[in-house]
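**Q** Supplied in structure tokens, the structure appears directly below.
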Amino acid sequence: MAIRSDLRNIAVIAHVDHGKTTLVDALLRQSGAFRENEQV
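Below, the structure is given as structure tokens:
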């Protein structure tokens with residue numbers, strides 16, 4: 125298997141209701157994982 129330098133693993137650790145989903149949604153939008161017409 126080839127090693128890819130464009131991938132990163134991250135961990136988000138926070139208590140309930142501290143914005144984890146909001147943070148991950150923003151990261152996915154910014155990375156281009158979703159098109160403009162798609163909802164996260």
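Heads up: the sequence shown begins at 125 in my numbering, then just goes up one per residue.
Think of the CB as a built atom: it goes at the ideal place given N, C-alpha and C, for glycine as much as any other residue.
Note that the structure is predicted; figures quoted are calculated from it, not measured.
Taking 9 Å as the threshold (C-beta atoms), are Ile137 and Leu151 in contact?
**A** As a first step, residue 151 must be located in the sequence shown, where it is residue number 27. As a first step, residue 137 must be located in the sequence shown, where it is residue number 13. No, these two residues do not count as a Cβ contact at 9 Å.
**Q** Give me, in chain order, the residues of the same chain whose beta-carbon lies closer than 8 Å to that of Lys144; leave out the 5 immediate sequence neighbours on both sides.
**A** Working through the sequence shown from its first residue, we reach residue 144 at position 20. Closer than 8 Å at Cβ, skipping near neighbours: Val136 and Ala138.
**Q** Considering Ala150, what are the terminal residues of the alpha helix (DSSP H) in which it resides?
**A** Position 26 of the sequence shown, counting from 1, holds the residue named residue 150. Residues Lys144 to Ser155.
**Q** Excluding the five sequence neighbours on either side, which residues of its own chain have a C-beta within less than 8 Å of the C-beta of Val148, listed in chain order?
**A** Within the sequence shown, the letter at position 24 stands for residue 148. Closer than 8 Å at the Cβ level, and outside the excluded window around Val148, lie Val136.
**Q** Can you give me the C-alpha to C-alpha distance between His142 and Ser155, rounded to a whole angstrom?
**A** Walking along the sequence shown from the start, residue 142 turns up at place 18. Walking along the sequence shown from the start, residue 155 turns up at place 31. Rounded to whole angstroms, His142 to Ser155 spans 22 Å at the Cα level.
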